[in-house]
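For the sequence shown, my numbering assigns the number 1 to the initial residue and increments by one for each residue that follows. Yeah, the Cβ is synthetic: ideal placement off N, Cα and C, and Gly gets one too.
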Amino acid sequence: MNSSSICLDANAVVHLVLRQETPQFARQWLEWSQAKRTFIAPSILYYEVGNALYQYYRNSIITHETLTAAQRAAMQLGIRLYADAGVHQRALDLCIEFALPAIYDAHYLAIAERFGAELWTADQRFQRKVATLPWVRLIER
């Protein structure tokens, strides 16, 4: 893919805001930011990020202060969100094509595909399911 856009899924964003990213991904994020790359995602992004952060809090993995700071940080990343009927239809098609367990991840695929962008995820199971798509990149742990 040769786009100026980078698609980030909720797992990637959670890694960023909780500072769980690997040194390689931290460097990559810095390079993208300095190059003024555009970050994109489907409109479900912040619902998923908020839920993931809340589950960390609910399971006593992070504090209330960390929860609220991470949520605020996620909202300040400047990610452009997209949603329209075409995205939802393509997500459904991709979900079926790759036999994904839920349609959420397919929305990230649909957005990345539409914009010719790499999709970065920290979800190894998801990345394996769509391994035939070379533009889906795994954040190694």
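Problem - Cα-Cα separation between HIS107 and ARG27, rounded to whole angstroms - result: 26 Å
Problem - CB of PHE115 within 9 Å of CB of ILE40, strictly - result: Between PHE115 and ILE40, the C-beta gap is smaller than 9 Å, which places the two residues in contact.
Handout entry: CB of ALA12 within 9 Å of CB of TRP135, strictly
Key = no
Exercise for the section: Grab the span of the beta strand (DSSP E) containing SER5 for me, first residue to last. Expected result: DSSP places SER5 in the uninterrupted beta strand (DSSP E) bounded by 5-8.
Problem - GLN20 to VAL14 span [Cα, whole Å] - result: 8 Å
Handout entry: Close Cβ partners of PRO42 (< 8 Å) along its chain, the five nearest in sequence each way excluded
Key = LEU81, TYR82, ALA83, VAL87, ALA91, HIS107, TYR108, ALA110, ILE111
Handout entry: Every unbroken alpha helix (DSSP H) within the region 48-125, with a cutoff of 4 residues, ordered by chain
Key = 64-75, 85-97, 104-115
Practice task
Determine the DSSP secondary structure at ALA41, reduced to helix, strand or coil.
Solution key: DSSP places ALA41 within a strand segment (E or B) once states are collapsed to three.
Exercise for the section: Output yes or no for whether 9 Å exceeds the beta carbon distance between ASP9 and GLU48. Expected result: In contact: ASP9 and GLU48 (Cβ atoms closer than 9 Å).
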